[in-house]
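Comments concern the structure below.
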Amino acid sequence: MKTLREYIKEAEEKGVAIGHFNISNLEGLHGIYNAAKKLSLPIVIGLSEGEENFVGREEAVALIQAIRQRDNYPIFLNADHHYNFESVKLALDAGYDSAIIDAVKLPLEENIILTKKCVDYAKSLNREVLIEAELGFIGTSSKLLDEIPEGISEATMTKPEDAKYFVEKTSIDLLAPSVGNVHGMVKGGNPRLDIERIKKIREACGVPLVLHGGSGISDEDFTDAIKAGISMIHINTEIRVAYREALEKYLKENPKEVAPYKTLQPAVETIEKVVEARLKLFNHIK
Ligand code: 13P
């Protein structure tokens with residue numbers, strides 16, 4: 101099986117993007133995997149620190165490895181937005197394929213030191229793991245937002261020259277820039293992406309780019325962003341909304357049902373539909 105690095109390279113060459121979807125539970129994993137398998141596409145499952153605390157670090161690794169081995173399928177596990185060296189190390193030691201050290205709240209030089217420490221640790225392991233870092237601010241939560249979070253503006257978007265400097269200093273494998281994307285879904289619509297900025301950042305930094313905050317972005321912006329140099333896209337809020345709405349509907353229609361494998365089945369199917377639509381868009385499948 102190809103490595104995650106090889107799949108990302110291949111995605112860039114083909115002009116498509118790999119889907120990265122977050123999970124909080126088994127229903128999410130089943131829905132996402134069903135969609136990926138149907139389309140025969142590689143897939144990345146992400147767990148933020150909060151999601152990982154809920155699912156269990158080793159449990160998450162065991163779930164992904166079980167599917168990968170049983171089906172010989174390219175399903176990968178990412179430690180999404182881990183905020184310190186220790187939590188990145190614990191995830192990599194447990195068997196994650198990649199990790200995101202999110203140190204955007206630190207001043208640039210401190211972000212560089214912490215990120216480099218994670219990169220050096222990843223390189224010391226005797227298997228390939230990827231380290232991604234974020235530069236520029238895009239908000240923090242995968243939730244429904246009344247307005248664009250405070251602190252997001254053109255001034256907090258990633259500058260191509262900073263991206264170049266950051267990648268040179270840290271040797272990260274992947275960069276998550278701020279290009280108009282925000283975590284979460286904004287009531288009046290998410291902001292448009294700065295496609296020109298994506299192009300310039302990709303040229304300047306020399307590593308594949310990951311678009312976070314995918315929920316709520318228009319189809320047109322996704323397509324243009326992939327063309328401009330995005331190789332992986334993160335989606336979380338859309339899955340959370342799908343899960344909740346499907347569960348609420350089922351419970352309302354079946355107030356006496358108590359078997360979780362019945363009450364939660366529609367959530368699996370709804371997540372599958374959301375993920376399938378996104379994967380088709382990211383891979384130009386009609
Ligand atoms: P959304 O919740 O906006 O889709 O963002 C997800 C994400 O970027 C996780 O890293």
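Counting in this note's numbering, the sequence shown runs from 101 upward without gaps. Each residue gets a CB set at the ideal place from its N, CA and C atoms; glycine is no exception.
>> In chain order, what are the residue ranges of uninterrupted beta strand (DSSP E) at least 3 long that sit wholly in the stretch 262 to 291?
In response: 274 to 277
> In terms of residue numbering, what span does the beta strand (DSSP E) encompassing residue 239 cover?
Replying inline: Mapped onto the sequence shown, residue 239 falls at position 139. No beta strand (DSSP E) contains residue 239, which DSSP labels as neither H nor E.
>> Let's see if you can read the secondary structure: which residues bound the alpha helix (DSSP H) around residue 321?
In response: Locating residue 321 in the sequence shown gives position 221, where the first residue counts as 1. Element bounds for residue 321: 319 to 328.
> Considering residue 161, what are the terminal residues of the alpha helix (DSSP H) in which it resides?
Replying inline: Looking up residue 161 in the sequence shown gives position 61. Per DSSP, residue 161 belongs to the alpha helix (DSSP H) from 157 to 171.
> Which residues in the same chain have their Cβ closer than 6 Å to the Cβ of residue 302, if we skip the five residues on either side of it in sequence?
Replying inline: Translated into the one-based positions of the sequence shown, residue 302 becomes position 202. Hits under 6 Å: 309, 329.
> What residue does the beta strand (DSSP E) around residue 393 start on, and which one ends it?
Replying inline: With the chain represented from 101 up to 386, any question about residue 393 goes unanswered, as that position is not in the structure.
> With 16 other CB atoms within 10 Å as the buried threshold, where does residue 196 fall?
Replying inline: Numbered from its first residue, the sequence shown carries residue 196 at position 96. Residue 196 is buried by the Cβ-count criterion.
> What's the C-alpha gap between residue 142 and residue 165?
Replying inline: Within the sequence shown, residue 142 is the residue found at index 42, counting from 1. Within the sequence shown, residue 165 is the residue found at index 65, counting from 1. Whole-angstrom Cα-Cα distance: 14 Å.
> Once you ignore the five residues that flank residue 183 on each side, which residues in its own chain have a CB closer than 7 Å to its CB?
Replying inline: Locating residue 183 in the sequence shown gives position 83, where the first residue counts as 1. Excluding sequence neighbours, residue 183 sits near 149, 202.
>> For residue 198, list the residues DSSP reports as bridge partners.
In response: Here the question's residue 198 lines up with position 98 in the sequence shown. DSSP output for residue 198 lists 178, 230 as bridge partner(s).
> Among all the DSSP beta bridges, which residues are the ones paired with residue 118?
Replying inline: In the sequence shown, the residue the question calls residue 118 occupies position 18. Answer is 332.
> Measuring CB to CB, does residue 257 end up less than 9 Å from residue 297?
Replying inline: Numbered from 1 along the sequence shown, position 157 holds the residue referred to as residue 257. Numbered from 1 along the sequence shown, position 197 holds the residue referred to as residue 297. Yes. Within cutoff.
>> Helix, strand or coil, according to DSSP, for residue 358 in the structure here?
In response: For the purposes of this step, residue 358 is taken as the residue at position 258 of the sequence shown. DSSP places residue 358 in coil when its eight states are reduced to three.
> Cα separation between residue 188 and residue 153?
Replying inline: Taking the first residue of the sequence shown as position 1, residue 188 is located at position 88. Taking the first residue of the sequence shown as position 1, residue 153 is located at position 53. Cα to Cα, residue 188 sits roughly 13 Å from residue 153.
> Cα separation between residue 307 and residue 190?
Replying inline: The residue given as residue 307 occupies position 207 in the sequence shown. The residue given as residue 190 occupies position 90 in the sequence shown. Distance between the alpha carbons of residue 307 and residue 190 is about 25 Å.
>> Check for me: the alpha helix (DSSP H) holding residue 219 runs from which residue to which?
In response: The count along the sequence shown starts at 1 and reaches residue 219 at position 119. Start and end: 208 to 224.
> Per the contact definition of three or more C-beta pairs closer than 8 Å, is the stretch 222 to 239 in contact with the stretch 271 to 278?
Replying inline: yes
> Roughly how many whole angstroms lie between the Cα atoms of residue 151 and residue 364?
Replying inline: Sequence index remark: in the sequence shown, residue 151 carries index 51 (1-based). Sequence index remark: in the sequence shown, residue 364 carries index 264 (1-based). Using only the alpha carbons, I get a separation of about 18 Å.
>> Relative to the C-alpha of residue 376, which candidate in 101, 130, 115 has its C-alpha closest?
In response: Position 276 of the sequence shown holds residue 376. When only C-alpha atoms are compared, the closest one is 130.
>> Between the alpha carbons of residue 279 and residue 126, how many angstroms are there, rounded?
In response: Against the sequence shown, residue 279 aligns to sequence position 179. Against the sequence shown, residue 126 aligns to sequence position 26. In a straight line, the C-alpha of residue 279 is about 32 Å away from that of residue 126.
>> Within a Cβ cutoff of 6 Å, which residues of the same chain sit near residue 158, ignoring the five residues on either side of it in sequence?
In response: By 1-based counting over the sequence shown, the position of residue 158 is 58. Contacts found: 194.
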